[in-house]
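One structure is given below, encoded as structure tokens.
There are 2 protein chains.
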Amino acid sequence: MASGLKINEDLARERQKCTFNVTELTHLLDNGEKVTKQKKHFEKTLFSIKELQDEVPEIYLSHKERYENAVRKACILQKVRRDYEKEHEILSSRNLFHAEYGVIKDVSPFFLHRGMFVPTIMGQGTPEQQAEWLPKAQAMEIIGTYAQTELGHGTFIRGLETTATYDAKTEEFILNSPHITSYKWWPGGLGTTVNHCIVVAQLYIDGKNHGIHPFIVQIRDLETHNPLPGIQVGEIGPKLGFQTANNGFLGFKNFRIPRMNMLMKNAQVLKDGTFVKGMNEKLTYGTMVLVRVNIVSDAAYHTAMAATIAVRYAAVRHQSQLKANQPEAQILDYLTQQHKLFIAIATSHAFENLYRLLWQQYLKVVEDLGKGKQDHLPELHAVSCCLKATASRDSAIMAEQCRLACGGHGFMTASNLPIIYGFCTAAITYEGEHTVLLLQTARYLMKAWTSALEGKVLAPSVAYLVDWLKADKQRWNNTPEAMVRGFQHVAAGKIKDAFDAIQKHVKAGKDFEDAWNLASVQLIKASEAHSRAILCDAYWRETVRSSATVSSSLAAVLNHLLQLYLVYWTLETVGDLLIYSNIAKEDIAALKEKYEELLALIRPNAVGLVDAFDISDEVLQSALGSYDGRVYERLMEEAMKSPLNKEPVNQSFHKYMKPFIKAAKL
Amino acid sequence: MASGLKINEDLARERQKCTFNVTELTHLLDNGEKVTKQKKHFEKTLFSIKELQDEVPEIYLSHKERYENAVRKACILQKVRRDYEKEHEILSSRNLFHAEYGVIKDVSPFFLHRGMFVPTIMGQGTPEQQAEWLPKAQAMEIIGTYAQTELGHGTFIRGLETTATYDAKTEEFILNSPHITSYKWWPGGLGTTVNHCIVVAQLYIDGKNHGIHPFIVQIRDLETHNPLPGIQVGEIGPKLGFQTANNGFLGFKNFRIPRMNMLMKNAQVLKDGTFVKGMNEKLTYGTMVLVRVNIVSDAAYHTAMAATIAVRYAAVRHQSQLKANQPEAQILDYLTQQHKLFIAIATSHAFENLYRLLWQQYLKVVEDLGKGKQDHLPELHAVSCCLKATASRDSAIMAEQCRLACGGHGFMTASNLPIIYGFCTAAITYEGEHTVLLLQTARYLMKAWTSALEGKVLAPSVAYLVDWLKADKQRWNNTPEAMVRGFQHVAAGKIKDAFDAIQKHVKAGKDFEDAWNLASVQLIKASEAHSRAILCDAYWRETVRSSATVSSSLAAVLNHLLQLYLVYWTLETVGDLLIYSNIAKEDIAALKEKYEELLALIRPNAVGLVDAFDISDEVLQSALGSYDGRVYERLMEEAMKSPLNKEPVNQSFHKYMKPFIKAAKL
């Protein structure tokens, strides 16, 4: 990757100090050497295409130019990826997807075509409907998105306002947006890009509401791209991130679509207007779960990007003296810097390990569903809700921590950290708002607690409640196992507290719903504690498992990271542990020392650990984080690309400043 | 403000419920009715100028166009403000400054002219130098900035690399940037705007280094604006925020300036090259302290902006049902939403109260310095370091919490919350990096602890250490006073722990510097706890004081906010309190209930409280937060301004998508 480039001397020295085989860890993280090789091969194919390189960096373009440039590149990218997929058996589509960051830098306007439009047809269309639309969609003869959220409704999808009224005479649905709040708002690509979309709307037949259903709707002429009559469509404007995602709005005025455009794998509307209820509506849960499990993987990747940039920069940057009359120190040698960065490395590992376990569970549930068994779906749903919430929140915090650890330079777009933060923080809200998801899990936890009190056998993710009720509280001992148990005790204690709070309000005469609302801050905290317990448990178990499969030098490093993660969160939540576990003040003092020891153990491997994430410079897009460590040269090179630096004097001097200064003199 | 507009019904209802006089609170926050009136008068003057309104919103322009538009508006703004200042006695220059948000939206490229260039000439120039440059600078015949930070050096200013070498033959200094890392990097306005700057450089005379000193340097021709020979200047490119600040870089190659361009109020270089050391170098501390105290005020204002937007939106937005078959609830009625937003309101009040106390202390120190007394400067320096760090960090957290509480719409630039976050988070780094400042305060705290152990009398801000040593630990009782004392106990305990950690390492044979580094995570935490103790103490005392001057209905509300703040932070840091104070588990349970009661008490006044911040729509710039609550209409109006929505089909369809789709069919 870095052949021919002069590597910054500090980085070279760091790489020599590393105690483990970086490539071995890369293969472990990628899930096998073959996957790593394919990733590199695809990236080489993609990044060698000259037309994908921008003459002027996107960030200097106007909003409109930036969109146009993104469409240009997205078309090339789709073609390259399609050809590649024809010629190769794809080992990890996530790896291929990550390479797109190196092209689009931000989000492709075609993103939801592959991400939601095609999967929805696959998941909710009948075989006939699939035969009709899938080939065209997969060949991208038609390009679509998924339009659910409205200006006035996000979370509460039962409240969506767009109507699809069946007209049996013509066998058509008539789509309408009755209020301004009914406009679809947010779907990626909807603004000016797609010609089709899945529209989620309230179905009305003969004045009777039958709930929300998905419809496939053509919104633009395929030849001219003009919006069809009855369609009002446009883009919603700039955002904190996702600048090229082309998020759009969409309104309908008596817009007619054929009856067969309702996706009818579940519920159906017959010709005469008879409504046939779906049999297995829970199946649609499966897609939601999948999306949330993938967000855990995204969180791992984005955290790895941020950590890579900040750790390499901290190795290159020298500032202040650790001792008088010594040269300025690498900032990576400051304990406060290690405190900020090493937890980010460990967090990425924790999410990656969690993702693997969730993925296994997801496959199991899908297999079960195929056999008509739905037993494990509620648990997986509850687990994926709170872990999506926690992983997205943690990754946003870690990305910001890494950015701030780069000082002023982290504030520059050229660091890429602001853009990474945009990705991370968006995930806190999309695909299930943070607080709403935590409360969904809390509902499951309240039921689980009731079952535990009734002495029932619980699902694995909440089985710790039974242990806790048995008061099986072994003495705290600062081992990974004991710390994991401690987090479970905290979760159990908070679940009990929230449950009791609800009961107290109910006993005082409140409705259950009011009691639930009054206890909701505590319910959130219970759900968060439950997430942390699952996350720590999963990370611990997976590390024990994978450590047995790798060299002893790598196993040692994996173990350092795991311990760092557990000790960090023990110290962060020590108040909870003091209340709900039997940790003692001496344990805490010992853990503070242990934490400092772990930082020292990880220090020589810090650069090796981020190198092992194996994120190429093209994907990382960071002047601060490149493999060669040419931080200052790259910052200057990036600045020189600014159109303002292409001319000695900007016209605004003559137009505005000079007259202003002259007037001041009078 | 809102006359003639139709007010959203929910907001109107909220305003009727309010239990206190909103105007009374506005006057209290503004420091008097006259100040409020002047604010409104200036805003009316400013916002009625048609040329200041953008045809196309800035966010749609290219980087270069955006800059040019900012210069255009900044010139008009400067003229308006100058004229206004000539005609009026300015009661609060901060209020006038806030109005600029309504014009520039972001940061003016002239920002540091007034903010740093002029003050530095005033603070560090001799009377002759002031006579030479101040009139021109104040009339803006010359426009300047302050160039200290370099590509390779921020925090550690002793390490700056730019050199100013005295040439006694010509009585000139020769400026040079010996390495790429020596380039000045970051100064606002430096890129393509200013023609002068203060350059901080290492002074060399006859090969001997005399440390860093400020020089006034003309960098561009006043007539042509061309960079002068020997000057390389340009802009550094886009950032997370501050897009129109025109931050720049600057390099020198044998650039000569006259001897009298060294600002010589302190140190001097005589004609023959004799170096005369400055007598009162601590005076320059004063400016740093002032800037940091002002950042606390900025934090109050930015938090108020974010809270105003999120609270009004939460009153307008309905989502989900609190109870089955009821209409969807205002999201402000969800306890989890109150938990996110009310602490933001209280935080703004806490910072505002703290700012007033710090400002009084600052004036006292300046008065003392005038009399040659420097006794209170070290304490104020220590206090301003950690409180700048804490206030900027807290305001960034609160701004993000408010943004996330607005769901997807908070992610839109039209909410203005992303831009407010940019302001808040930038302040964490500029004017003293967060961690560095906390460690500066920690140094003061370690000295204070030593003095306490020696039985000496301590400065007021650390006097609690003496009480703590006396083991004067009254029983915790959930009153404001006891909570404040609890925060002081935590701070004292953490200061002691950090001190002991250093001692332990020293006893184990480490150098003091190594021991300091090893204990630095604990030192940071001690410094943070000290900040929280001061902040809570100041907020409590000021509220008690100001409550006596206002109506009883307002006093009650101020007291609710104060209590909310104290209880919130007690619960957030309960682990520390369990270790370092004598809080009991029953107290914690009672405080959780108290917290929920306080949310309920504040709920009817939430909209009134943010109305009382009295931030006009023009300044707030938020589709979600406007006074009239026309949230959805404004979101749509803003979106319609996008150039992509001015044409039915974007050219990228014909240029890229159509050929791509056709190729797919083949």
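Protein chains in written order, with the numbering used here: chain A, 333 to 998; chain B, 333 to 998.
Just so you know, even glycine gets a beta-carbon here, dropped at the ideal spot from N, CA and C.
Just so we're clear, the structure is a prediction, and the values are computed from it rather than from any experiment.
1. How about A:VAL526 and A:GLY447: are their beta carbons less than 8 angstroms apart?
2. Taking 8 angstroms as the threshold (beta carbon to beta carbon), is A:MET333 in contact with chain B?
3. Relative to the alpha-carbon of B:HIS766, which residue among B:THR722, B:ASP908 and B:ALA728 has its alpha-carbon at the smallest distance?
4. Nearest to B:ARG775 by CA position, among B:VAL794, B:PHE674, B:TRP517 and B:HIS430, is which residue?
5. With 8 angstroms set as the bound, which would you pick, yes or no: does the beta-carbon of B:TYR988 sit closer than that to a beta-carbon of chain A?
6. I want to see whether chain B comes within less than 8 angstroms of A:LEU343, judged by CB atoms only; does it?
7. My assumption, with CB atoms under 8 angstroms, is that B:ALA402 sits in contact with B:THR524. Please give the rounded CB distance.
8. From A:SER335 to A:GLY742, what does the alpha carbon distance come to, in whole angstroms?
9. Is B:TRP518 close to chain A, meaning its C-beta is less than 8 angstroms from at least one C-beta of that chain?
10. Have a look at B:GLY521 and B:LEU690 and give me their C-alpha separation to the nearest angstrom.
11. Check for me: the alpha helix (DSSP H) holding B:ALA471 runs from which residue to which?
12. Residues in its own chain within less than 7 angstroms of B:GLU504 by CB, not counting five upstream and five downstream?
13. When the distance is taken between beta carbons, is A:GLN669 closer than 8 angstroms to A:ALA646?
14. Kindly provide the ranges of any beta strand (DSSP E) runs that are 3 or more residues long and lie completely inside the segment 793-851 of chain A, ordered along the chain.
15. Please go through the same chain and pick out, in chain order, the residues whose beta-carbon is closer than 8 angstroms to the beta-carbon of A:VAL942, but skip the five residues on each side of it.
16. For A:PRO750, count neighbouring Cβ atoms within 10 angstroms of its own Cβ and tell me buried if that reaches 16, exposed if not.
17. Under 8 angstroms Cβ to Cβ from B:GLN693, same chain only, skipping five residues before and after it: list those, please.
18. Could you tell me if B:LYS978 is buried or exposed, where buried requires 16 or more neighbouring beta carbons within 10 angstroms of its beta carbon?
19. Do you know how far the Cα of B:CYS350 is from the Cα of A:PHE429?
20. Can you check whether the CB of A:GLN550 is closer than 8 angstroms to the CB of A:ASN541?
21. May I ask which residues mark the beginning and end of the beta strand (DSSP E) holding A:CYS738?
22. Which partner residues does A:GLN600 have in the DSSP bridge list?
23. Taking only runs of the alpha helix (DSSP H) that begin and end inside the segment 610-669 of chain A, which ones reach a length of at least 4 residues, in chain order?
24. In the DSSP assignment, the alpha helix (DSSP H) including B:HIS545 goes from what residue to what residue?
25. Relative to the C-alpha of B:PHE985, which residue among A:SER878, A:ILE474 and A:ASN340 is closest?
26. List, in chain order, every chain A residue whose beta-carbon is nearer than 7 angstroms to that of B:THR679.
27. Using DSSP with H/G/I as helix, E/B as strand and the rest coil, what is A:THR481?
28. Taking the C-alpha atoms as reference points, what is the distance between B:LYS839 and B:VAL798?
29. Which stretch, first to last residue, makes up the alpha helix (DSSP H) that contains B:ASP499?
30. Can you name the start and end residues of the beta strand (DSSP E) that A:LEU535 belongs to?
31. Taking only runs of the alpha helix (DSSP H) that begin and end inside the segment 937-967 of chain A, which ones reach a length of at least 4 residues, in chain order?
32. So, is A:MET744 buried or exposed, given that buried needs 16 or more other C-beta atoms within 10 angstroms?
33. Between which two residues does the alpha helix (DSSP H) holding A:LEU894 run?
34. Beta-carbon of B:ASN849 versus every beta-carbon of chain A: anything under 8 angstroms?
35. Within 10 Å of its beta-carbon, does B:VAL565 have 16 or more other beta-carbons around it, so buried, or fewer, so exposed?
36. Tell me whether B:ARG807 is buried or exposed, calling it buried when 16 or more other Cβ atoms sit within 10 Å of its Cβ.
Looking at the atomic coordinates:
1. Your numbering for residue 526 of chain A matches position 194 in the first sequence. Your numbering for residue 447 of chain A matches position 115 in the first sequence. In this structure, A:GLY447 does not lie closer than 8 angstroms to A:VAL526 by Cβ.
2. On the first sequence, position 1 is the one that residue 333 of chain A refers to. Low per-residue confidence applies at A:MET333: pLDDT is 42, beneath 50, and the placement is therefore not dependable, though the value from the model is reported in the following sentence. Not an interface residue.
3. The residue labelled residue 766 of chain B in the question sits at position 434 within the second sequence. If we check each option's Cα against that of B:HIS766, B:THR722 comes out closest.
4. Position 443 of the second sequence holds residue 775 of chain B. For B:ARG775, the nearest C-alpha among the options comes from B:VAL794.
5. Reading the second sequence from its first residue, position 656 is the one you call residue 988 of chain B. Closer than 8 angstroms: yes.
6. For the purposes of this step, residue 343 of chain A is taken as the residue at position 11 of the first sequence. Judged by the 8 angstroms Cβ criterion, A:LEU343 is not in contact with chain B.
7. Numbered from 1 along the second sequence, position 70 holds the residue referred to as residue 402 of chain B. Numbered from 1 along the second sequence, position 192 holds the residue referred to as residue 524 of chain B. So it is not a contact: roughly 11 angstroms between Cβ atoms.
8. Residue numbering aside, residue 335 of chain A sits at position 3 when the first sequence is read from its first letter. Residue numbering aside, residue 742 of chain A sits at position 410 when the first sequence is read from its first letter. With a pLDDT of 48 at A:SER335, under the threshold of 50, the modelled position of that residue is not reliable, and the figure given next carries that caveat. Answer to the nearest angstrom: the Cα atoms are 27 angstroms apart.
9. Counting from one through the second sequence, the residue named residue 518 of chain B turns up at place 186. Chain A, which has a Cβ nearer than 8 angstroms to the Cβ of B:TRP518, makes this yes.
10. Translated into positions along the second sequence, residue 521 of chain B becomes position 189. Translated into positions along the second sequence, residue 690 of chain B becomes position 358. Approximately 30 angstroms, taken between the alpha carbons.
11. Taking the second sequence and counting its residues from 1, the one referred to as residue 471 of chain B is at position 139. First-last for B:ALA471: undefined, no H or E at that position.
12. Reading the second sequence from its first residue, position 172 is the one you call residue 504 of chain B. Taken in chain order, the residues that qualify are ARG588, ILE589, PRO590 and ARG591.
13. Locating residue 646 of chain A in the first sequence gives position 314, counting from the first residue. Locating residue 669 of chain A in the first sequence gives position 337, counting from the first residue. Yes, the Cβ-Cβ distance between A:ALA646 and A:GLN669 is below 8 angstroms.
14. none
15. Reading the first sequence from its first residue, position 610 is the one you call residue 942 of chain A. Only ALA636, ALA639, THR640, VAL643, ARG644 and ILE677 meet the Cβ criterion.
16. Counting from 1 along the first sequence, the entry for residue 750 of chain A is found at position 418. Answer is buried; the Cβ neighbour count reaches 16.
17. Here residue 693 of chain B refers to the residue found at position 361 when the second sequence is read from its first residue. Cβ within range, chain order: HIS708, LEU712 and VAL715.
18. As a working mapping, residue 978 of chain B is identified with position 646 in the second sequence. Burial call: exposed.
19. As a first step, residue 429 of chain A is located in the first sequence; it is residue number 97 there, counting from the start. As a first step, residue 350 of chain B is located in the second sequence; it is residue number 18 there, counting from the start. About 52 angstroms.
20. For the purposes of this step, residue 541 of chain A is taken as the residue at position 209 of the first sequence. For the purposes of this step, residue 550 of chain A is taken as the residue at position 218 of the first sequence. Not a contact, by the Cβ cut-off of 8 angstroms.
21. In the first sequence, counting from the first residue as 1, residue 738 of chain A sits at position 406. A:CYS738 -> no beta strand (DSSP E), and no H or E assigned at all.
22. Locating residue 600 of chain A in the first sequence gives position 268, counting from the first residue. Per DSSP, A:VAL608.
23. 615-648
24. Looking up residue 545 of chain B in the second sequence gives position 213. B:HIS545 -> not in any alpha helix (DSSP H); beta strand (DSSP E) instead, spanning 540-550.
25. In the second sequence, counting from the first residue as 1, residue 985 of chain B sits at position 653. Of the candidates A:SER878, A:ILE474 and A:ASN340, the one whose C-alpha sits nearest the C-alpha of B:PHE985 is A:ILE474.
26. Start at 1 with the first residue of the second sequence, and residue 679 of chain B comes out as number 347. By Cβ distance, chain A contributes nothing, its closest Cβ being about 17 angstroms from B:THR679, past 7 angstroms.
27. Start at 1 with the first residue of the first sequence, and residue 481 of chain A comes out as number 149. A:THR481: coil per DSSP, three-state reduction.
28. Residue 839 of chain B sits at position 507 when you count from the first residue of the second sequence. Residue 798 of chain B sits at position 466 when you count from the first residue of the second sequence. Looking at the two C-alpha atoms, the distance is approximately 25 angstroms.
29. As a first step, residue 499 of chain B must be located in the second sequence, where it is residue number 167. Segment 495-499 is the beta strand (DSSP E) holding B:ASP499; no alpha helix (DSSP H) there.
30. If you number the first sequence from 1, residue 535 of chain A lands on position 203. Where A:LEU535 is concerned, the enclosing beta strand (DSSP E) stretches over 528-537.
31. 938-944 and 949-952
32. As a working note, residue 744 of chain A is residue 412 in the first sequence. Buried, since its Cβ has 16 or more Cβ neighbours within 10 Å.
33. Here residue 894 of chain A is taken as the residue at index 562 of the first sequence, counted from 1. Where A:LEU894 is concerned, the enclosing alpha helix (DSSP H) stretches over 884-904.
34. In the second sequence, residue 849 of chain B corresponds to position 517, counting from 1. So, interface residue.
35. To locate residue 565 of chain B, count along the second sequence from 1; it is residue 233. Buried, because 16 or more other Cβ atoms sit within 10 Å of the Cβ of B:VAL565.
36. Residue numbering aside, residue 807 of chain B sits at position 475 when the second sequence is read from its first letter. Classification of B:ARG807: exposed, given that the 10 Å Cβ count is below 16.
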